[in-house]
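As structure tokens, the structure follows; a few thoughts come after it.
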Amino acid sequence: MIRQGRSRGRWIVSIWIPCLVLSAAAGHGEDFDWLSIEDGIGAPHALESASIEAVAGRLDEWVDSGFGFVEVAWRTHVRIKAASEVEVRQSVVRLFVNDAGAQQAGTIEITIETDRSSLRVERAYLLLPDGRRQAVDPDSVQVTDSQDPDLFSTLKTVSLPMGGVVPGSVAFVEYTLIRRIEGDPLPWSSLFNMQTLVPILSNEIVVENEREPGWFDWATNDPGLECGTVSAGRLVCRRSEMAAVRLDPAVRSYLDVIPHFVVGQRVTWRELSARVAGLVEAKLDVSDEMEKAIARIREEFEEPEARARELYRVVSNQVRYLGFEHGDAAVVPRPASLTWKRRFGDCKDKVTLFVAMARALDLEVTPVLTSVSFFEPGTFVLPAASYFDHMIVCSDALPRDGGCVDVTLSSSPPGLPFVLQGGVALELTRRGADSIRPLPRRAALWEFGVTRDIRLECDGGIREKVDYRQGGPWGETLRSMLVQLSPDEREQYLANEYAQAMGVSEQRPEMELGGLARVGRPWTVHYASTRAQRAEMKGAQHFYDVNRWLLAVARSLVSENRHHDYAFPGIRLEAVSRYRLCEEAEIEYEGAALDLASRWGSLTRRYETRNDEVIVRSMLSMDSRVVSPSENEDLRLYLSRSLDQSAIQFGYRVD
């Protein structure tokens, strides 16, 4: 929703690169009035000599390191002009270590919102190992639209492809982004990441203020960035070499992990809250068509909670998620009546519609800014709109998840989705909120139940039926994923789940998926299979089994993180295994009960014998929390030792 100042020409390089882009390039660089490419883009950059000196003799070091390229220098010069403009001049100096680096980063990409901004490319060339300079061909510069299929905007990507890249060559790029901030709906701000996937040898940020003293503010969470005011209105920050960010398998957002520098118009959280609230309040109209829907809800539902739940169902399901975010529309919502008429809108449009209709139903509701990019409150080091990119709504009439709901989700119960649990919120009120606050996090984000019905035949054959159900925010996330798949894709997903849990690949069980349309209730899967024959049941026997679903689900919760904290989702897992023996069998004894507990949670198991049946009930209960790398081994040890004790055992005799 709010992207102001988020994008730059250098960022964490994507690890996954699509082989096809199904939207064609919008055009060449010379086709746009907001883009200019200077004639002297191949002239030597001011950093050329110092950069060559910085990398001299270190190429072998990086070849052995495994990095395909290295960022030699980042330079940013922010000029806050008196004429209600902000110029951001950025330089990127990139050394290509090997051929893989050329494939990964041989094209410099710059993202720009073109309604209020323009771009001037001043340098773009490759310095070859033999000293020759090869400028980027202006005809090769490409401009593409944003790739989000549900958001149409004036956000563009300008690609500068470096030609002739070989190991040892160095790319030099310098460009200036000019943004007009007069009349901007939100206070201007911009974020600059201080770390990426490769080493950065040096980084410098300069901010010059030509407006009145105290107009801007800045902050950073990078302890290695040394900043100081060298003259009135001029801030200079420098950083020496920064190591590459360490990767882990479970990181909620690397934007919470890597340090950043933020600069923007000086505001308080209260002022920012009130400013965005004003944008919403100005669009809370109610049309005659909306009145009809409101009257129906008022007539059919009496209690506030019932009305709020029905309104959520209407807005989330009958108004699809689709945004026209051209220019100021990226942050200014459409009138509620227009969104209702179109039956589509983005997050702020749908929230505005919900608020307008809720107030007509006498429900107390509050729009709330949040983020699907930044989740840790400590990351928000300065009141700035650039941190936020999503809007939700909260109401005391909705009891779950602190009354907060995401109305962009369809086919989901009212509540917070998995990704927003424990995130950050800024309430939007006329008087403004004093500060950000954390969103609630449920005790367990995953609810999983599995029932196994196993028939043990006297000839050794085993027939098994498995039914499992999933709920909670994580279960709802999976439901949303399954709803969007084709029937064949769902079947393949279920087959893969079975193969992974049971440790088999050649056997494909009978499968049935149910409950996807029952919003707010767990969805279910039924499997039926016949296992390979065991030894014939004769005499006294000791039966040993494990609930592979319990093991697979529990082990999937733990990450291999070694460097960064991760969000452990928590779980309530109930497993029931019912063993039906053949008529000739007599149950002689059952296994021991289990009652394990620690700071991580509990695992219990109970046996019950009924004639020719043995019923085993297991419950794994673990709360959601943030797990640090130092704690991870202890968590793994608890789960390992607990699951080692979860084997199912009992004795029987067949005479």
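Quick note on numbering: the sequence shown equals residues 134 to 788 in this note's numbering.
Beta carbons are placed, not taken as given, at the ideal position from N, Cα and C, and that holds for glycine.
Rounded separation between residue i and residue j - CA only
i: Asp-698; j: Met-423; result: 46 Å
i: Leu-444; j: Asp-350; result: 41 Å
i: Trp-682; j: Ala-726; result: 19 Å
i: His-696; j: Trp-656; result: 35 Å
i: Leu-684; j: Gln-674; result: 25 Å
i: Val-749; j: Trp-607; result: 26 Å
i: Arg-585; j: Arg-623; result: 22 Å
i: Ile-241; j: Arg-208; result: 15 Å
i: Ala-441; j: Arg-651; result: 18 Å
i: Thr-309; j: Asp-166; result: 15 Å
i: Ser-775; j: Ser-689; result: 15 Å
i: Asp-767; j: Ser-731; result: 11 Å
i: Ser-470; j: Asp-418; result: 6 Å
i: Leu-549; j: Asp-534; result: 6 Å
i: Ile-243; j: Arg-641; result: 48 Å
i: Ala-157; j: Leu-627; result: Model confidence at Ala-157 stands at a pLDDT of 35, short of 50, so the residue's coordinates are unreliable; what they give is reported in the following sentence. Taking the straight line from one Cα to the other gives about 35 Å.
i: Asp-232; j: His-459; result: 39 Å
i: Leu-155; j: Gln-237; result: Only weak support exists for where Leu-155 lies, its pLDDT of 30 falling under 50; the coordinates are left without a value.
i: Ser-779; j: Tyr-660; result: 22 Å
i: Arg-788; j: Cys-591; result: Here residue 788 is Asp; the residue named in the question, Arg, does not match the sequence. Taking the straight line joining both Cα atoms gives about 11 Å.
i: Glu-669; j: Val-691; result: 39 Å
i: Met-524; j: Met-614; result: 22 Å
i: Ile-430; j: Asp-495; result: 12 Å
i: Pro-177; j: Arg-399; result: 37 Å
i: Ser-364; j: Ser-519; result: 27 Å
i: Arg-738; j: Gln-633; result: 24 Å
i: Gly-456; j: Trp-402; result: 26 Å
Backbone secondary structure at residue i - three-state DSSP
i: Arg-602; result: strand
i: Pro-478; result: In the sequence under discussion, the amino acid at residue 478 is Gly, which differs from the Pro named in the question. Gly-478 falls in the strand class under three-state DSSP.
i: Ala-157; result: Summary for Ala-157: the model assigns pLDDT 35, below 50, so the residue's position carries little reliability, and this model does not support an answer.
i: Glu-716; result: coil
i: Pro-500; result: strand
i: Gly-535; result: helix
i: Ala-700; result: strand
i: Ile-781; result: strand
i: Gln-640; result: coil
i: Ala-730; result: strand
i: Gly-548; result: coil
i: Glu-630; result: helix
i: Glu-443; result: helix
i: Glu-458; result: strand
i: Phe-487; result: helix
i: Glu-707; result: strand
i: Trp-351; result: strand
i: Glu-359; result: strand
i: Trp-207; result: strand
Spatial neighbours of residue i in its chain, beta-carbon cut-off 7 Å, leaving aside the 5 residues before and after
i: Val-552; result: Val-505
i: Met-327; result: Asn-336, Asp-355, Leu-358, Arg-372, Met-375, Ile-391, Pro-392, His-393, Phe-394
i: Tyr-712; result: Ile-587, Leu-589, Glu-746, Val-747
i: Glu-693; result: Pro-382
i: Glu-218; result: Ile-311, Arg-312, Arg-313, Ile-314
Beta-carbon gap between residue i and residue j smaller than 8 Å
i: Val-274; j: Ile-170; result: yes
i: Leu-330; j: Val-378; result: yes
i: Gly-784; j: Tyr-740; result: no
i: Phe-487; j: Val-448; result: yes
i: Glu-255; j: Ile-174; result: yes
i: Ser-205; j: Leu-261; result: The displayed chain sequence assigns Val, not Ser, to residue 205. The answer is no: Cβ separation not under 8 Å.
i: Ser-322; j: Ala-462; result: no
i: Val-498; j: Val-526; result: yes
i: Pro-510; j: Ile-569; result: yes
i: Ala-700; j: Leu-772; result: no
i: Val-658; j: Ile-781; result: no
i: Gln-451; j: Arg-492; result: no
i: Ala-530; j: Pro-437; result: yes
i: Arg-344; j: Ala-215; result: yes
i: Asp-248; j: Thr-287; result: yes
i: Val-269; j: Leu-228; result: no
6 Å CB neighbourhood of residue i in its chain, flanking five on each side removed
i: Arg-705; result: Ala-577, Glu-580, Ser-754
i: Arg-596; result: Arg-588, Thr-663
i: Gly-605; result: Leu-578, Trp-579, Glu-580
i: Val-709; result: Thr-584, Arg-750
Heavy atom of the ligand MN within 7 Å of residue i beta-carbon
i: Cys-370; result: In the structure on display, the ligand MN does not appear, and there are no ligands present to speak of.
- prompt: At which residue ranges does the stretch 568 to 617 contain complete alpha helix (DSSP H) runs of 4 or more residues, listed in the order of the chain?
  reply: DSSP runs (the alpha helix (DSSP H)) wholly in the stretch 568 to 617: 605 to 616.
query: For the stretch 267 to 342, which segments carrying the beta strand (DSSP E) assignment without a break, of at least 3 residues, lie completely within its bounds, in sequence order?
result: Within the stretch 267 to 342, the runs of beta strand (DSSP E) that reach at least 3 residues and sit entirely inside it are, in chain order, 275 to 278, 284 to 286, 288 to 294, 303 to 313, 322 to 326, 336 to 342.
- prompt: At what residue ranges does the stretch 363 to 415 contain a whole run of the beta strand (DSSP E), taking only runs of 3 or more?
  reply: The DSSP assignment places 367 to 372, 393 to 398 as complete runs of the beta strand (DSSP E) inside the stretch 363 to 415, in order along the chain (cut-off: 3 residues).
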